[in-house]
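Asks: In this note's numbering, the protein residues as written are 2 to 72.
What follows is a single structure, and I will ask about it in a moment.
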Amino acid sequence: MLESNWNETTVSDADFWSAVGTLELRYAVPSLLQSYVTIDTKNVSRNALYIDQVSQVSHKFISDFCCNSLK
2 MLESNWNETT VSDADFWSAV GTLELRYAVP SLLQSYVTID TKNVSRNALY
52 IDQVSQVSHK FISDFCCNSL K
């Protein structure tokens with residue numbers, strides 16, 4: 002994804018979420034998105050994936066984490 006010939010139109014959803022998962026799992030680098038899976042309240046026989054932006058509290062944590070880890 003970070004190569005000089007990177008083109009966002011060639012990145013699939015699966016590639017994107019795989020990269021986010023790798024950053025969070027292997028390197029403990031938080032992303033600016035959060036996701037979770039839970040029961041779909043409209044149809045309890047299936048699950049739903051929710052994706053949201055991180056809250057302001059988390060933005061401060063990310064900022065503090067990044068700035069302090071570089072010192």
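Don't be surprised by glycine CBs; every beta carbon is placed ideally from N, CA and C.
#1: Check whether the Cβ atoms of residue 38 and residue 26 sit closer than 8 Å, and answer yes or no.
#2: Tell me the DSSP bridge mates of residue 53?
#3: Use the C-beta contact count for residue 2: other C-beta atoms within 10 angstroms, 16 or more gives buried, fewer gives exposed.
#4: Please classify residue 2: does DSSP put it in a helix, a strand, or coil?
#5: CB-CB under 7 Å to residue 36, same chain, minus the five flanking residues each way: which ones, in chain order?
#6: Going by C-alpha to C-alpha distance, which of 12, 31, 13, 24 sits closest to residue 55?
Replies: By the coordinates alone:
#1: Translated into the one-based positions of the sequence shown, residue 38 becomes position 37. Translated into the one-based positions of the sequence shown, residue 26 becomes position 25. For residue 38 and residue 26, no; Cβs fall outside 8 Å.
#2: Mapped onto the sequence shown, residue 53 falls at position 52. Answer is 35.
#3: In the sequence shown, the residue the question calls residue 2 occupies position 1. Caution applies to residue 2, whose pLDDT of 48 falls short of 50 and renders its modelled position unreliable; the value that the coordinates give is listed next. Looking at its Cβ environment, which holds fewer than 16 other Cβ atoms inside 10 Å, residue 2 is exposed.
#4: Within the sequence shown, the letter at position 1 stands for residue 2. Residue confidence is low: residue 2 scores 48 on pLDDT, short of 50, so the model does not pin down where it sits. Its coordinate-derived value is still stated next. Coil at residue 2, not helix or strand.
#5: Walking along the sequence shown from the start, residue 36 turns up at place 35. Counting only Cβ-Cβ distances below 7 Å, and skipping sequence neighbours, we find 50, 51, 52.
#6: Looking up residue 55 in the sequence shown gives position 54. Comparing Cα-Cα distances from residue 55 to each of 12, 31, 13, 24, the minimum goes to 31.
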